Amino acid sequence: MNKRMIIALFACLSLLLASTYTVKTQTQLDDTETFFDSKISCVRLQVNATSRAKPPDNISVILSLTSLVTKVYVKTINLTIYGFVNGTEKIEIYSNASGKLVLSKDSTVAFPHQIFVQENVYGVIYGEIYLEYDATVKDELGRELPYPFQGTIGFVLTRVENVYLESLEEELESLKEQLQSLGDQLNSTQTMLEELQNELSELNRTFTECFGKNLTREELLNINQTLWQLQNDYESLKGVKGELDGTRTAIIFLAVVAVFFVATTLYLVLRKPKSYL
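This is the structure in structure tokens:
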């Protein structure tokens, strides 16, 4: 039972790994573009590479060489990759050489490369292939003739994104949003100021109608201070009034009690005693 479970578990893991590898391979193929494909005398050169990159990152480059004649002896094939610092200054970022290869007709050899692109490099990547070989070509009579070749081929490659420019664009967009927010706040403040100005004008107009003169800013401040003082005095007087009302009520109550006490006393003193005779 345990062996069956282990076998089933390994089978599931194998399927999972296979599907993951398939998806990854498909993704890599989808991100790859053919940048160079041409016949160079007796051979065919093809360069496939990552379409776009965002530094710092690696780009994949596959250089393929196919023989179009009877035999090709490759002495040297050298791939050199250049980038542009800040998009302007050309620098070499990769170089790799191979050689001493023999290819028969229609046979192909592929050279995979992983190239690191540093952060300050952006724009297009430029590649050069230096190729030197001796080919053997058959003529119409079947004779084998030597055909040597030596030359350099250039081509453009992956486009590298400008991370600095993208960062600046994001910051600019953020600044635009902040500026818009500040503009909205400014408009709101301006509206409030206009409303206050209208209220001030209305108060001034009312005061003019009542007292026949316009108010200056200092006069308005003095009036406002006076109003606050009157309000405080009013609150104080309300407290005093409450105390006075309480005192008055107590005095009235005591007066009533005193009158009642005096009347009772007089009644007891002045009434005639009853005669029991």
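Reminder that position 125 of the sequence shown reads as 133 in our numbering, one-by-one numbering, no gaps.
Even for Gly, the Cβ is constructed at its ideal location relative to N, Cα and C.
Predicted model, so just to flag it, every value in this text is computed and none were measured.
Contact annotation: the stretch 127–136 touches the stretch 162–179, with at least three C-beta pairs closer than 8 Å. For threonine 42, the enclosing beta strand (DSSP E) starts and ends at 40–48. Distance between isoleucine 70 and valine 125, taken at the CA atoms: about 16 Å.
The distance from the Cβ of proline 154 to that of threonine 144 is about 6 Å, consistent with a contact at the 8 Å cut-off. The beta carbon of leucine 262 is closer than 7 Å to none in its chain, skipping five residues each way along the sequence. A distance below 6 Å between beta-carbons, with the five flanking residues on each side excluded, links threonine 197 to no residue of its chain. Inter-segment contact for the stretch 71–86 and the stretch 104–111 is present: three or more beta-carbon pairs are separated by less than 8 Å.
Take the alpha-carbon of serine 75 and the one of glycine 95: they are about 37 Å apart. Phenylalanine 43 is a Cβ neighbour of valine 55, given a cutoff of 7 Å. Comparing C-alpha distances from serine 103 to each of Leu201, Leu183, Thr88 and Asp114 shows the shortest one belongs to Thr88. Per DSSP, valine 77 lies in no beta strand (DSSP E) and is assigned neither H nor E. Taking a 10 Å sphere around the C-beta of proline 63, we find 16 or more other C-beta atoms and assign the residue as buried. The criterion of a C-beta distance shorter than 7 Å is satisfied by threonine 116 and serine 72.
Under the three-state reduction of DSSP, tyrosine 172 is assigned to helix.
Following the DSSP letters along the chain, one finds threonine 58 inside the beta strand (DSSP E) bounded by residues 51–58. Around serine 49, the same chain offers Ala143, Tyr155 and Phe157 as residues with beta carbons nearer than 8 Å, after the five sequence neighbours per side are excluded. In terms of Cβ geometry, glutamate 140 and threonine 160 do not form a close pair [threshold 7 Å]. Here the C-alpha atom of asparagine 195 lies approximately 35 Å from the C-alpha atom of glutamine 239. Secondary structure of glutamine 122 (DSSP, three-state): strand. Here the alpha carbons of glycine 150 and asparagine 86 stand approximately 32 Å from one another. Within 10 angstroms of the beta-carbon of alanine 105 lie fewer than 16 other beta-carbons, which makes it exposed.
At a Cβ-Cβ threshold of 7 Å, threonine 166 and threonine 58 count as neighbours. Nearest neighbour of aspartate 65 by Cα position, chosen from Glu169, Gln186, Lys184 and Gly162, turns out to be Glu169. Under the three-state reduction of DSSP output, tyrosine 102 falls in the strand class. A direct Cα-Cα distance of roughly 20 Å separates glutamate 217 from leucine 204. For glutamate 140, the enclosing beta strand (DSSP E) starts and ends at 131–146.
When secondary structure is reduced to three states using DSSP, glycine 107 falls in the coil class, being assigned neither helix nor strand. Of the other Cβ atoms in all chains shown, fewer than 16 fall within 10 Å of the Cβ of glycine 162; this residue is therefore exposed. The three-state reading of DSSP puts threonine 96 in coil, since its state is none of H, G, I, E or B.
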